[in-house]
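*Asks:* The structure that follows is given in the form of structure tokens.
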Amino acid sequence: MALPFLSAQFALPFSFAIQSPSSRRLQRNSNTGEIMKNILRCVGLMVAVIGGLCGFASTSYAAAGAVRCGKLIDVRAGKTLNDQMVVFDEAGVISAVGPSSSDQAAGANVIDLSKSTCLPGLIDVHTHLTSDPQNSGYKGLGVSVPREAVTGVKNARLTLEAGFTTVRNVGADEFTDVAVRDGVNAGEVLGPRMLVSGPALGITGGHCDENLLPYQYHYKGQGVADGPWAAREKVREVIKYGADVIKICASGGVLSKGDLPGASQYSLEEMQAIATEAHKLGRKVAAHAHGTESIKDAIRAGIDSIEHSSLIDDEGIRMAKEHGTYLVFDIYNDDYILGMGEKVGMLPESIEKEKKVGKLQRANFRKAFEAGAKIAFGTDSGVYPHGDNAKQFSTMVAFGMKPVDAIQAATVNAADLIGWADKVGALEKGHYADLIAVDGDPLVDVKVLQNVKFVMKGGNVVKQ
Ligand code: ARG
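Position 6 of the sequence shown, counted from 1, bears residue number 922 in our numbering, the numbering being contiguous throughout.
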């Protein structure tokens, strides 16, 4: 049974239109019209106040309304428009965007952000909501799977409140991410729209296996599958249990024990089998790949995005452009791992690996961007604290992008990669009313995105 406060509908500033699905039904069927509406408003207001005091999740169903934006970033064109109105319908979908007129602005359901800059909700295509950095290394072995799901609920909220209204979660134990996604979709958990992978697929002993325990424990990661047919079967299995996207490990990693980021793990043949099977079943594939050869094999195999992309060479960049493969560079991570890694329990070998990989990754990010490769914004949050996702924007700018490029990576490009270009990533008619607002101009100082003041998801205000 849903907890009343988690599924109840909290404050909507423009109309107190606070409705639960059942209250909506009541309203539609009621002959007593206004009286019932007023009762519901009062009940809703009480729930909002109590919920607010207790700090419960504030999910709500949209009423039609509008947001007036002092400035609005047209992310597709890469320019700022003045005094715009974003109008959305009851389903939380944008019905119009255009210059605001005074009668619109006077309407009852208009949220006034005339002193702020609006942008579409941001998208992070590489998160691990069910993990926290303080459980790195051996400490993580003491965390139960149900506890990880609870961690995911907490991080879903932090991520949404930081302005990320959509995430692609690529790797979680035992489908805890499926549970969080379903909780969000049911209105029981406050969080971003989520595409999830479940457990990541990988070779025995690879980055996507769990290598911390000695042989006598006989433990293996849930995504381990060796050989093309076993890998195909694993694709089918994770889809059976709810995966929207397939995550695989093409090379070794930094935070895994006993492997090398530069060394290939899945073979070309295995990745071809995975990509074919996943695409046949309507899923895209994201490949963790630091290593130069692993990146190229993943591109050859038809993988949709390369995660980390650290040691990509010129040929790899050329191939990514030819195939239209997205590159995702988690380039803020280096600061956190070198600064905090030891303290949070990362293995000494991981810190050493990071020292070799981090700088090269940043240099290769610059090269790939300058060469015109498609880049989507992905942070690997979970390695560093959730809610800090936007810290990566300024790193992207420090290594060659203009603020507008970094914002496009986290909006239109990310939406294209995840297959939701018609739904998220821009403030346009037909898209969800997922809108954030900041003080200042992010096209001048991208750091303002670290301080998102207002968040709306699907027409519902979640932060103000
Ligand atoms: N999950 C990744 C791994 O363990 C993190 C890599 C972080 N380092 C970096 N420079 N991006 O391999």
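Where a beta carbon is used, it is the ideal one built from N, C-alpha and C, also for glycine.
Identify the continuous alpha helix (DSSP H) that holds glycine 1383 and give its terminal residues.
*Replies:* No information on residue 1383 is available, as it lies outside the stretch 917 to 1380 that the chain covers here.
*Asks:* Evaluate asparagine 1376 with the Cβ neighbour count: other Cβ atoms within 10 Å of its Cβ, from every protein chain shown; 16 or more gives buried, anything less gives exposed.
*Replies:* Against the sequence shown, residue 1376 aligns to sequence position 460. The residue is buried, with at least 16 neighbouring Cβ atoms inside 10 Å.
*Asks:* Should leucine 1171 be counted as a contact of the ligand ARG given a C-beta to heavy atom distance under 6 Å?
*Replies:* To locate residue 1171, count along the sequence shown from 1; it is residue 255. Under cutoff, so the answer is yes.
*Asks:* Run the proximity test for glycine 900: is its beta-carbon closer than 6 Å to any non-hydrogen atom belonging to the ligand ARG?
*Replies:* A question about residue 900 goes unanswered here, because the residues of the chain that appear run from 917 up to 1380.
*Asks:* Using 6 Å as the cut-off, classify the Cβ of asparagine 1071 as near or not near the heavy atoms of the ligand ARG, replying yes or no.
*Replies:* Here residue 1071 refers to the residue found at position 155 of the sequence shown. The answer is no for asparagine 1071.
*Asks:* Go through its chain and collect everything with a Cβ distance to glutamine 1366's Cβ below 7 Å, but skip five positions before and after it.
*Replies:* Along the sequence shown, read from residue 1 onward, the residue named residue 1366 stands at position 450. Cβ neighbours of glutamine 1366 beyond the five flanking positions: Ala1306, Lys1307.
*Asks:* Quick check on this structure: which residue in Val1112, Gly1169, Leu1106, Val1105 has the alpha carbon closest to the alpha carbon of glutamate 1126?
*Replies:* Taking the sequence shown and counting its residues from 1, one reaches residue 1126 at position 210. Cα-wise, what sits closest to glutamate 1126 is Gly1169.
*Asks:* Tell me whether glycine 1294 counts as near the ligand ARG, meaning its Cβ is closer than 6 Å to at least one heavy atom of that ligand.
*Replies:* Here residue 1294 corresponds to residue number 378 of the sequence shown, with the count starting at 1. No, Cβ of glycine 1294 sits at least 6 Å from all heavy atoms of the ligand ARG.
*Asks:* Could you name each continuous beta strand (DSSP E) segment of 3 residues or more that falls completely within the segment 1067-1149, going from the start of the chain to the end?
*Replies:* Fully enclosed beta strand (DSSP E) runs of 3 or longer: 1080-1085, 1109-1112.
*Asks:* Where do the ends of the beta strand (DSSP E) carrying lysine 1339 lie?
*Replies:* To locate residue 1339, count along the sequence shown from 1; it is residue 423. Here lysine 1339 belongs to no beta strand (DSSP E), and DSSP marks it neither H nor E.
*Asks:* Using alpha carbons as the reference points, say which of Val1360, Ala1214, Ser1047, Val1041 lies closest to cysteine 1165.
*Replies:* What you label residue 1165 is simply residue 249 of the sequence shown in a count that begins at 1. Residue Ala1214 is the option with its Cα nearest to cysteine 1165.
*Asks:* Please state the DSSP three-state secondary structure of lysine 1200.
*Replies:* Translated into the one-based positions of the sequence shown, residue 1200 becomes position 284. Reduced to three states, the DSSP call for lysine 1200 is strand.
*Asks:* Look at the alpha carbon of valine 1112 and the alpha carbon of glycine 1137, and state the distance between them as a whole number of angstroms.
*Replies:* Start at 1 with the first residue of the sequence shown, and residue 1112 comes out as number 196. Start at 1 with the first residue of the sequence shown, and residue 1137 comes out as number 221. Their backbone Cα atoms lie some 17 Å apart in a straight line.
*Asks:* Given 8 Å as the limit, is there contact between the segment 1198-1213 and the segment 1226-1233, that is, 3 or more CB pairs closer than that?
*Replies:* Because the criterion of three Cβ pairs below 8 Å is met, the segment 1198-1213 and the segment 1226-1233 touch.
*Asks:* Leaving aside the five residues before and after glycine 1288 along the sequence, list all residues of the same chain whose C-beta is less than 6 Å from its C-beta, in chain order.
*Replies:* Sequence index remark: in the sequence shown, residue 1288 carries index 372 (1-based). Cβ neighbours of glycine 1288 beyond the five flanking positions: none.
*Asks:* Between the Cα of glutamate 1268 and the Cα atoms of Ala1279, Arg1278, Gly1255, which residue gives the shortest distance?
*Replies:* Residue 1268 sits at position 352 when you count from the first residue of the sequence shown. Comparing Cα positions, the closest option is Gly1255.
*Asks:* What's the gap between the Cα of leucine 1343 and the Cα of leucine 1076?
*Replies:* Position 427 of the sequence shown holds residue 1343. Position 160 of the sequence shown holds residue 1076. Looking at the two C-alpha atoms, the distance is approximately 17 Å.
*Asks:* Please confirm whether any heavy atom of the ligand ARG lies closer than 6 Å to the CB of valine 1377.
*Replies:* Looking up residue 1377 in the sequence shown gives position 461. No.
*Asks:* For the alpha helix (DSSP H) containing histidine 1239, list its first residue and its last residue.
*Replies:* Locating residue 1239 in the sequence shown gives position 323, counting from the first residue. Run containing histidine 1239: 1230-1239, per the alpha helix (DSSP H) assignment.
*Asks:* Tell me, to the nearest whole angstrom, how far the beta carbon of aspartate 863 is from that of serine 1016; I am working on the premise that it is less than 8 Å.
*Replies:* Outside the displayed range of the chain (917 to 1380) lies residue 863, so it cannot be described from this structure.
*Asks:* Terminal residues of the continuous beta strand (DSSP E) containing arginine 992?
*Replies:* As a working note, residue 992 is residue 76 in the sequence shown. Note, arginine 992: premise wrong, no beta strand (DSSP E); not H, not E.
*Asks:* What is the C-beta distance between serine 1221 and alanine 1146, in whole angstroms, given that I count them as a contact (C-beta under 8 Å)?
*Replies:* The residue labelled residue 1221 in the question sits at position 305 within the sequence shown. The residue labelled residue 1146 in the question sits at position 230 within the sequence shown. Rounded, the Cβ-Cβ distance is 23 Å, inconsistent with contact.
*Asks:* Does the ligand ARG have even one heavy atom less than 6 Å from the beta-carbon of glutamine 1277?
*Replies:* Locating residue 1277 in the sequence shown gives position 361, counting from the first residue. Yes, Cβ of glutamine 1277 sits closer than 6 Å to a heavy atom of the ligand ARG.
*Asks:* Roughly how many angstroms separate the alpha carbons of aspartate 1250 and valine 1273, rounded to a whole number?
*Replies:* Locating residue 1250 in the sequence shown gives position 334, counting from the first residue. Locating residue 1273 in the sequence shown gives position 357, counting from the first residue. Near 9 Å, if we compare the C-alpha coordinates of valine 1273 and aspartate 1250.
*Asks:* Taking the beta strand (DSSP E) that valine 1013 belongs to, which residues open and close that run?
*Replies:* Translated into the one-based positions of the sequence shown, residue 1013 becomes position 97. Per DSSP, valine 1013 belongs to the beta strand (DSSP E) from 1010-1015.
*Asks:* For glycine 1158, which option in Val983, Lys1070, Val1086 has the closest C-alpha, if you only look at C-alpha atoms?
*Replies:* Walking along the sequence shown from the start, residue 1158 turns up at place 242. Ranking Val983, Lys1070, Val1086 by Cα distance to glycine 1158 puts Val1086 first.
*Asks:* For aspartate 1382, is the beta carbon positioned less than 6 Å from some heavy atom of the ligand ARG?
*Replies:* Outside the displayed span of the chain (917 to 1380) sits residue 1382, for which this structure offers no information.
*Asks:* Taking just the CA atoms, how far does methionine 1110 sit from arginine 1084?
*Replies:* Along the sequence shown, read from residue 1 onward, the residue named residue 1084 stands at position 168. Along the sequence shown, read from residue 1 onward, the residue named residue 1110 stands at position 194. Cα to Cα, arginine 1084 sits roughly 6 Å from methionine 1110.
*Asks:* Would a C-beta distance cut-off of 7 Å place serine 1011 and valine 1003 closer than the cut-off?
*Replies:* If you number the sequence shown from 1, residue 1011 lands on position 95. If you number the sequence shown from 1, residue 1003 lands on position 87. Contact flag set, yes.
*Asks:* Any idea what DSSP makes of phenylalanine 1370, helix, strand or coil?
*Replies:* Taking the first residue of the sequence shown as 1, we reach residue 1370 at position 454. If DSSP states are grouped into helix, strand and coil, phenylalanine 1370 belongs with the strands.
*Asks:* May I ask you to list the residues that DSSP assigns as paired with lysine 1163?
*Replies:* As a working note, residue 1163 is residue 247 in the sequence shown. For lysine 1163, which the question treats as bridged, DSSP gives the partners Ala1202.
*Asks:* Of the residues Gly1053, Val1313, Thr1082, which one's Cα is nearest the Cα of glycine 1335?
*Replies:* Residue numbering aside, residue 1335 sits at position 419 when the sequence shown is read from its first letter. Closest by alpha carbon: Thr1082.
*Asks:* Leaving aside the five residues before and after glycine 1218 along the sequence, list all residues of the same chain whose C-beta is less than 6 Å from its C-beta, in chain order.
*Replies:* The residue you call residue 1218 lines up with position 302 of the sequence shown. Excluding residues within five positions, the ones whose Cβ falls inside 6 Å are Ala1191.
*Asks:* DSSP three-state label for asparagine 1376, please.
*Replies:* Stepping through the sequence shown from its first residue, residue 1376 is reached at position 460. If DSSP states are grouped into helix, strand and coil, asparagine 1376 belongs with the strands.
*Asks:* Which residue wins for smallest C-alpha separation from glutamate 1238, given the options Ala1284, Leu1197, Phe1309?
*Replies:* The count along the sequence shown starts at 1 and reaches residue 1238 at position 322. Nearest C-alpha to glutamate 1238: Ala1284.
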